[in-house]
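Residue numbers (the working numbering), protein chains in the order written: chain B, 2 to 326; chain Z, 40 to 367.
Ideal Cβ positions, reconstructed from N, Cα and C, are used throughout, including at glycine.
First up is the structure itself, then whatever we jot down about it.
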Amino acid sequence: MKKKEIHSPDQLVSFYQEMLTYRRFEERVNLAYTQQKFSGFCHLHIGQEAVCVGVQAALQPDDYVIAGYRSHTLAIAKGIPAREVFAELFGKVTGCSRGKGGSMHMFSKQHRFLGGHGIVGGQAPLAVGVGFAIQYRAEKNIIVCYLGDAAMNQGQVFEAMNMAATWKLPVLFLIENNRYGMGTDIRRTTSVDRLSKRALAFDMAHSEVDGMNVLTLHTHVRDIVADMRKNPAPYLLEVMTYRYRGHSVSDPGAYRTKEEVQDFQKKDPILQLASVLREKKLAGDKELTEWDEIIKAEVKEAERFADESPAPELAELWQHVLVES
Amino acid sequence: MALLTFREALGQAMDEEMARDPNVFLMGEEVAQYDGAYKVSKGLLQKYGPKRVIDSPISEGGFAGLGIGAAMVGLRPIIEMMTWNFGIQGLDQIINHAAKMHYMSGGQFTVPIVFRGPNGAAHMLGAQHSQNLDPILTHIPGLKVISVATPADGKGLLKAAIRDPNPVIFLESEMMYGMKGEVPDDADFILPIGVGERKRTGHNVTIISWGKILHKAMEACAVLAKEGIEVDLIDPRTLVPLDEALIFESVRKTHRVVIVEENWPFSSVGSHISDRIQSECFDDLDAPVARVSQEPVPVPYAEHLEERALPSVERMVEAVKRVCYRAV
Ligand SMILES: Cc1ncc(C[n+]2csc(CCOP(=O)(O)OP(=O)(O)O)c2C)c(N)n1
Ligand SMILES: [Mg+2]
């Protein structure tokens, strides 16, 4: 009970609308992909929407975020306009990386979103470098480093956590444990039953949290972040979540049972928060339907922007290889 | 001018740049309390403290990436690889992140970082400690690559590398650290990246060489001079971007070229330069471009085998005579 009171009615509504935006955004992206409007790898976040919503609400706008390739919604949550993410998917010059990054490489210097990276676990040392810079300049920020469960078996992640812990750098290593690395159940490749235990090797603070409940997640992360700001040190947070779709849009996900997927869908973060809104009389069928219509229209508008945007000029091919001075 | 060893010249370059810009820091294995595995960073810890001169764990991938992340948000790291053999562990970060960040982000992020350390065989260190990474590093778009042979070039180009807004690979050699040379002591002595230098003037044949092996090429030049062959010795100093204008100018003068490189011959820097010469100076050539490279074998331990695996003065002399159509 107490936990719920922490969130104002406005916050509850905005969490709901954000999660729904990401759900509808990814659905629309999926549709565009199946219509062959773009190509390449495309990893959706459907089912995991509570994570970035809860995390982002716990951060200040000038904190940093870095992530892997499953990051369309993380980029939007960090402030990049949805239409620029859509345009990036379509390889348009209005995209947040001028159409030169693609689905896996969203960037925004302005919003302190440091990518969008395609080498599993490779972003962990980069995050530690940002943590190093924060400490070097005696700033108060933190960086959140999103990692998949399977990324936790990448050697560089161990190196990164060791350096962060040794030098007390403000890096929140955040595992989105959706149980699979592509088609491999994480338990088949990992000796520990809980990935957060890996922190023990570095004497690092750690915990686990339900990633299907945005409210629990938000308060949990908020407390961690407050502590990190007071006493800079890294933290390993394992967020238990689930992706409903395949690893990428081309994966039917045959390695898991229908029941398993359905079990998680019963705990769907958007449905869970909808019941809270109803209980608190903050929304009923009418509002929920209205919001959905508005959000769908916004997402469609983002796609239209992407559709109508120009492709990069050919000259862009040779630009940005090196900084021109 | 001051007479400095190569290591002192590099140390001075870092010292001056750290004094000039508080965002410059040095990280690597043994760089702080031990003064550097090869003493290049001697005295820097004392002067700048542990905040800016940092002993890292033995995690080349990790601290290469740390440097890149720090550079993305405005610091100017110098990352020392104890040797480039170990730098191979960091290549994932250098190739996948440092070299691509500016491009992938559509020009938003820059990575002003220097990765430096000794490259190539030293003496009897065995196969895993005797590798030259010129071909691998120069292959990757998005990196600048510098390979120097003298203390003055070392100082001037390391300072330029630290000030450059791009990721720069700076290649040194254990065998050169003790070599002495005159070095300008002006704090603003800087050499431009991408500009080579003629280390010796001649009109019979061009030798193109860089890095440590250039010193053997100089010996070869002296031997050849005694036999009446005057060599135009070109040191590109920077491999990427390459001073093609200087190379072509020399080739057009001498019409004969030998490329001397301490690389394996397949897909090497020398093979690239040779290609550029044949396509741009075809009509100027009086003989096919010759190359003296390392033997395509892991570098062996036994002294005489190692010596035979690396380019020798004899083989350089022989190659020059061949392109000059002289009896060997
Ligand atoms: C170093 C590396 N190895 C392999 C791959 C191919 N790959 C891409 S995603 C992936 C699975 C990663 O799973 P996880 O870290 O759990 O993230 P999730 O996809 O579940 O979000 C693999 C093997 C890669 N991109 N990088
Ligand atoms: Mg996973």
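Would Z:Glu-301 be called buried (16 or more neighbouring beta carbons within 10 Å of its own) or exposed? Here the question's residue 301 of chain Z lines up with position 262 in the second sequence. Counting every other CB atom within 10 Å of its CB across the protein chains shown gives Z:Glu-301 a total of 16 or more, marking it as buried.
Nearest-angstrom Cα separation, counted from Z:Asn-158 out to Z:Leu-376: The question about residue 376 of chain Z has no answer, for chain Z in this structure spans 40 to 367.
Residues near ligand 2, criterion Cβ-heavy atom distance below 7 Å: The set of residues with any CB-heavy atom separation to ligand 2 below 7 Å comprises, in chain order, B:Gly-149, B:Asp-150, B:Ala-151, B:Glu-177, B:Asn-178, B:Asn-179, B:Arg-180, B:Tyr-181, B:Gly-182 and B:Ile-187.
Does the beta-carbon of B:His-248, which I'm using as the reference point, lie nearer than 7 Å to any heavy atom of ligand 1? In the first sequence, the residue the question calls residue 248 of chain B occupies position 247. Yes.
Could you pull out every residue in the same chain whose Cβ sits closer than 7 Å to the Cβ of Z:Asp-131, ignoring the five residues on either side in sequence? One-based indexing of the second sequence puts residue 131 of chain Z at position 92. Residues Gly-100 of the same chain have their beta carbon placed closer than 7 Å to that of Z:Asp-131, with the five preceding and five following residues left out of the count.
What number of angstroms, rounded off, separates the C-alpha of Z:Ala-58 from the C-alpha of Z:Leu-84? Sequence index remark: in the second sequence, residue 58 of chain Z carries index 19 (1-based). Sequence index remark: in the second sequence, residue 84 of chain Z carries index 45 (1-based). Cα-Cα distance, rounded: 13 Å.
May I ask you to report which of helix, strand or coil DSSP gives B:Asn-178? Along the first sequence, one-based indexing puts residue 178 of chain B at 177. Looking at B:Asn-178 - three-state DSSP - the assignment turns out to be strand.
Cβ of B:Asp-154 within 8 Å of any chain Z Cβ: As a position in the first sequence, residue 154 of chain B is number 153, starting the count at 1. It should be pointed out that residue 154 of chain B corresponds to Asn in this sequence rather than to Asp. So no, B:Asn-154 is outside the interface.
Checking contacts by CB at 8 Å: is B:Lys-110 closer than that to chain Z? The residue labelled residue 110 of chain B in the question sits at position 109 within the first sequence. The beta-carbon of B:Lys-110 is placed less than 8 Å from the nearest beta-carbon of chain Z.
Within a Cβ cutoff of 8 Å, which residues of the same chain sit near B:Met-2, ignoring the five residues on either side of it in sequence? Position 1 of the first sequence, counted from the first residue, corresponds to residue 2 of chain B. Bear in mind that a pLDDT of 45 at B:Met-2, under 50, signals an unreliable position, so the model cannot answer this.
In chain Z, which residues lie with their C-beta within 9 Å of the C-beta of B:Ala-298? Numbered from its first residue, the first sequence carries residue 298 of chain B at position 297. None at all; the shortest Cβ gap to chain Z is about 28 Å.
Report yes if the C-beta of B:Arg-257 is less than 7 Å from at least one heavy atom of ligand 1; otherwise report no. As a first step, residue 257 of chain B is located in the first sequence; it is residue number 256 there, counting from the start. Here the distance from the Cβ of B:Arg-257 to the nearest heavy atom of ligand 1 is not below 7 Å.
At the level of alpha carbons, what is the spacing between Z:His-162 and B:Gly-254? The sequence position of residue 162 of chain Z within the second sequence is 123, counting from 1. The sequence position of residue 254 of chain B within the first sequence is 253, counting from 1. Z:His-162 and B:Gly-254: Cα-Cα distance of roughly 55 Å.
Output needed for B:Asp-308: all residues of its chain with C-beta closer than 6 Å, excluding positions within five of it in sequence on either side, in chain order. Mapped onto the first sequence, residue 308 of chain B falls at position 307. Counting only Cβ-Cβ distances below 6 Å, and skipping sequence neighbours, we find nothing.
Using the beta-carbon of each residue, which ones in chain B are nearer than 9 Å to Z:Leu-272? Within the second sequence, residue 272 of chain Z is the residue found at index 233, counting from 1. What Z:Leu-272 touches in chain B: nothing, since even the nearest Cβ is about 28 Å away.
Determine the direct distance from the alpha carbon of Z:Gln-170 to that of Z:Leu-49, and round the result to whole angstroms. Position 10 of the second sequence holds residue 49 of chain Z. Position 131 of the second sequence holds residue 170 of chain Z. Straight-line measurement puts the Cα of Z:Gln-170 at about 21 Å from the Cα of Z:Leu-49.
Under a three-way DSSP split, which group does Z:Glu-334 fall into? Translated into the one-based positions of the second sequence, residue 334 of chain Z becomes position 295. Z:Glu-334: coil per DSSP, three-state reduction.
Length of the line joining the Cα atoms of B:Ser-104 and B:Cys-43: Numbered from 1 along the first sequence, position 103 holds the residue referred to as residue 104 of chain B. Numbered from 1 along the first sequence, position 42 holds the residue referred to as residue 43 of chain B. B:Ser-104 and B:Cys-43: Cα-Cα distance of roughly 6 Å.
If you run the structure through DSSP and keep just helix, strand and coil, what is B:Ser-326? Looking up residue 326 of chain B in the first sequence gives position 325. B:Ser-326 falls in the coil class under three-state DSSP.
For Z:Gly-165, verify whether its CB is less than 7 Å away from any heavy atom of ligand 1. On the second sequence, position 126 is the one that residue 165 of chain Z refers to. For Z:Gly-165, the Cβ stays outside the 7 Å cut-off from all heavy atoms of ligand 1.
Sort Z:Val-356, Z:Thr-277 and Z:Tyr-340 by Cα distance to Z:Val-297 and report the nearest one. In the second sequence, residue 297 of chain Z corresponds to position 258, counting from 1. Ranking the options by Cα distance to Z:Val-297, first place goes to Z:Val-356.
With distances taken from CA atoms, which of B:Pro-82, B:Leu-13, B:Gln-18 and B:Gly-55 is nearest B:Ile-225? As a first step, residue 225 of chain B must be located in the first sequence, where it is residue number 224. Per the Cα distances, B:Gly-55.
Chain-ordered residues of the stretch 118-150 of chain Z with a beta carbon less than 7 Å from chain B: Cβ contacts with chain B: Asp-131, Gln-132, Asn-135, His-136, His-141, Tyr-142, Met-143, Ser-144, Gly-145, Gly-146, Gln-147, Phe-148 and Thr-149.
Would you mind listing the alpha helix (DSSP H) stretches within the stretch 270-324 of chain B that are 4+ residues and don't spill past its ends, in chain order? Listed in chain order, they are 270-280 and 286-309.
Could you tell me the alpha carbon to alpha carbon distance between B:Gln-12 and B:Ala-59, rounded to whole angstroms? Along the first sequence, one-based indexing puts residue 12 of chain B at 11. Along the first sequence, one-based indexing puts residue 59 of chain B at 58. When only Cα atoms are considered, B:Gln-12 and B:Ala-59 end up about 12 Å apart.
Can you tell me whether Z:Pro-180 is buried or exposed, with buried defined as 16 or more other CB within 10 angstroms of its CB? The residue labelled residue 180 of chain Z in the question sits at position 141 within the second sequence. Exposed is the label assigned to Z:Pro-180, since fewer than 16 other Cβ atoms lie within 10 Å of its Cβ.
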